[in-house]
Structure formats: structure tokens, C-alpha cells
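Using the numbering used here, count along the sequence shown one by one with no gaps and you end on 165.
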Amino acid sequence: VEWVTELRHFFPKLQNTIIDFLPQPLGPLPPAAAKYCKRYMKRNSIAQFYDTKYSPGDSVFWNKIGLPNKADKEYVCIGVKASNYFMPKETLSEKGPGGGGWILMDMTLAVET
């Protein structure tokens, strides 16, 4: 999500498409985050396809996502996992999605303890 939105921001004439096997973006985050993200991408003309398996060798896949001639460039990001091992324990949440361990920050994105 971050990559496709940055590409759109810095290269506004690109045609961007995001595909996810999950039913919504930002899998482990709260539903409100996914809703916000989907609205943002729609507003910025980023095509979105969820519940869709990436299958680059299948013409049905390309037709389904509106790219019958395939994409000019693909970036595949699979199995991304947040890393917080480098942060002191007092900066991590005790609760939250996945059992906690989220980096706590304020509205300016400064880390909180």
C-alpha cells in the first residue's frame, strides 16, 4: 500500500493497480484503517483488487484486473511483516492486533514511552 501510494504521488501519470489475496488492504490493522486506505486509493485513481491471487502467467488474471496486455512493470511484495525488535519495550503497546507489540507514537509520529 505504501509503495503504490508513493508511486502515485511522485509519478501522477502512472496507472497503478494493487492486488491482494486478502479481502481488504492492511490485513492486520483495524478495519477503519483499511477503509481509510481504500478511500484514499480510490480518490487517487489507484485500481484495487482484493480476494485476488497474483497469477502473472494467466490471461484470465490480467483480464480480471483490467490489464489484458499485462503490466509494464510489476512489484511483488509478499509476506511483509512489521519489525519492532530494535525498539525498547517501553515504546511498544501491551495490547492490539496480533497481541500487541505496536510502536506507540503521538500525532506527530514521535515515539512515545
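Glycine residues also receive a C-beta, built at the ideal position from the N, C-alpha and C atoms.
Within a 10 Å sphere around the beta-carbon of Q67 sit fewer than 16 other beta-carbons, which makes this residue exposed. By the Cβ criterion, the stretch 107-117 is not in contact with the stretch 81-88, since fewer than three pairs of Cβ atoms, one from each stretch, lie closer than 8 Å. A check of alpha carbon separations from N121 across N136, I70, F113 identifies F113 as the nearest. As summarised for the stretch 128-157, there are no continuous alpha helix (DSSP H) elements at least 4 residues long confined to that stretch. Taking the Cα positions, Y102 is about 33 Å away from M139. Buried is the label assigned to R60, since at least 16 other Cβ atoms lie within 10 Å of its Cβ. Sorting G151, T143, G150 by C-alpha distance to the C-alpha of D158 places T143 at the top.
Residue pairing for V112: DSSP places it in no beta bridge. Looking at the DSSP output, F101 bridges to I71.
Around the beta carbon of W55, fewer than 16 other beta carbons sit within 10 angstroms, so the residue counts as exposed. Beta bridge pairing from DSSP links V163 with M157.
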